[in-house]
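Heads up, the thing below is written out as structure tokens.
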């Protein structure tokens with residue numbers, strides 16, 4: 010049965026294709042396309058593509074050869090004859106030329122190490138946090154200096170007091186006709202002479218503590234106690250300009266200070282500090298959303 014078709018195919022070019030040969034053998038076996046597809050466990054469109062020589066629709070040549078081999082075996086047609094006719098076709102899929110291993114291997118881009126960007130991000134975050142805490146903790150260190158300088162501001166006030174005697178002395182000359190006012194007139198110059206005599210003592214010593222020494226007699230020292238539940242930068246100055254505390258407060262450690270009011274206090278973390286003035290607890294004022302605060306303790310223990 011297999012020799013007859015080959016002879017007929019040699020004389021008929023239309024039957025030279027593998028698809029036409031297989032279609033004729035299927036019809037000779039009285040099989041429909043659906044029956045042939047079910048026998049081969051294929052879709053009907055694959056049978057139709059083989060019989061129409063549309064092998065490009067079957068994919069790679071290896072799939073086309075596999076389907077031809079199964080179809081030829083089912084119809085009893087020599088497999089070698091069908092494959093030879095398949096190879097003779099012009100529009101069959103061509104086998105891709107093998108790519109050399111050196112070219113086929115994909116060029117892998119160099120792997121970027123994530124350590125560099127990760128460390129960079131960590132460093133930037135650390136620098137940002139350090140800058141924030143440095144601003145919150147050390148920024149107050151620049152501001153107490155004008156406050157300390159404000160204490161000796163009494164010195165320019167003394168010359169103003171020294172300028173007041175002239176109008177006081179003028180009534181002393183006019184009051185000669187009134188004997189009762191004469192005792193009071195000398196008392197005013199005595200006060201003024203005392204105030205005028207004070208500046209030479211300040212200039213001779215050259216220290217700011219002497220300028221604030223007059224306030225020592227007016228205000229008694231007060232006792233300030235600071236207790237820490239966490240770390241907090243602390244600066245404390247009294248009215249004489251003396252620095253009572255300047256450093257980092259640590260947890261579970263209390264600091265007791267004695268100074269002349271008013272006392273200036275600066276805290277870097279107000280939530281970690283509790284305050285006692287002369288043994289009495291005093292709430293610390295704070296700004297909403299900020300840990301840093303600065304306040305003044307008066308002689309009566311009140312804060313402002």
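Numbering (our numbering), first residue to last: 10 to 313.
Glycine included, C-beta positions come from ideal geometry on N, C-alpha and C.
Own chain, CB closer than 7 Å to residue i, minus 5 neighbours either side, in chain order
i, result
"residue 300", "145, 277, 278, 279 and 280"
"residue 28", "59, 60, 61 and 62"
"residue 88", "78, 81 and 82"
"residue 253", "245, 246, 247, 266 and 268"
Unbroken alpha helix (DSSP H) run spanning residue i, endpoints
i, result
"residue 267", "Not the alpha helix (DSSP H): residue 267 falls in the beta strand (DSSP E), residues 263-268."
"residue 92", "88-97"
"residue 230", "Counting along the chain, residue 230 falls outside any alpha helix (DSSP H), and DSSP gives it neither H nor E."
Three-way DSSP call (helix, strand, coil) for residue i in this model
i, result
"residue 296", "coil"
"residue 260", "coil"
"residue 283", "strand"
"residue 41", "coil"
"residue 144", "helix"
"residue 240", "coil"
"residue 129", "helix"
"residue 51", "coil"
Closest Cα partner of residue i within the set the options
i, options, result
"residue 78", "68, 69 and 90", "90"
"residue 238", "87, 85, 259 and 95", "259"
"residue 268", "127, 313, 246 and 261", "246"
"residue 25", "93, 265 and 270", "93"
"residue 270", "50, 312, 80 and 141", "312"
"residue 48", "80, 74, 73 and 65", "80"
"residue 262", "284, 248 and 249", "284"
"residue 310", "298, 297, 295 and 291", "291"
Opening and closing residue of the beta strand (DSSP E) in which residue i lies
i, result
"residue 276", "272-276"
"residue 76", "Where residue 76 is concerned, there is no enclosing beta strand (DSSP E), although the alpha helix (DSSP H) it sits in stretches over 70-84."
"residue 290", "289-291"
"residue 37", "Counting along the chain, residue 37 falls outside any beta strand (DSSP E), though it belongs to the alpha helix (DSSP H) covering 27-37."
"residue 302", "302-306"
Residues of its chain near residue i, where Cβ-Cβ distance is below 6 Å and the 5 sequence neighbours each way are ignored
i, result
"residue 214", "Caution is warranted here: a pLDDT of 41 is assigned to residue 214, below 50, making its placement in the model unreliable, and no coordinate value can be reported."
"residue 45", "35 and 56"
"residue 274", "245 and 304"
Close-in-space but distant-in-sequence residues of the same chain around residue i (CB under 8 Å, 5 per side omitted)
i, result
"residue 282", "235, 236, 237, 238, 241, 243, 258, 276 and 293"
"residue 307", "270, 271 and 313"
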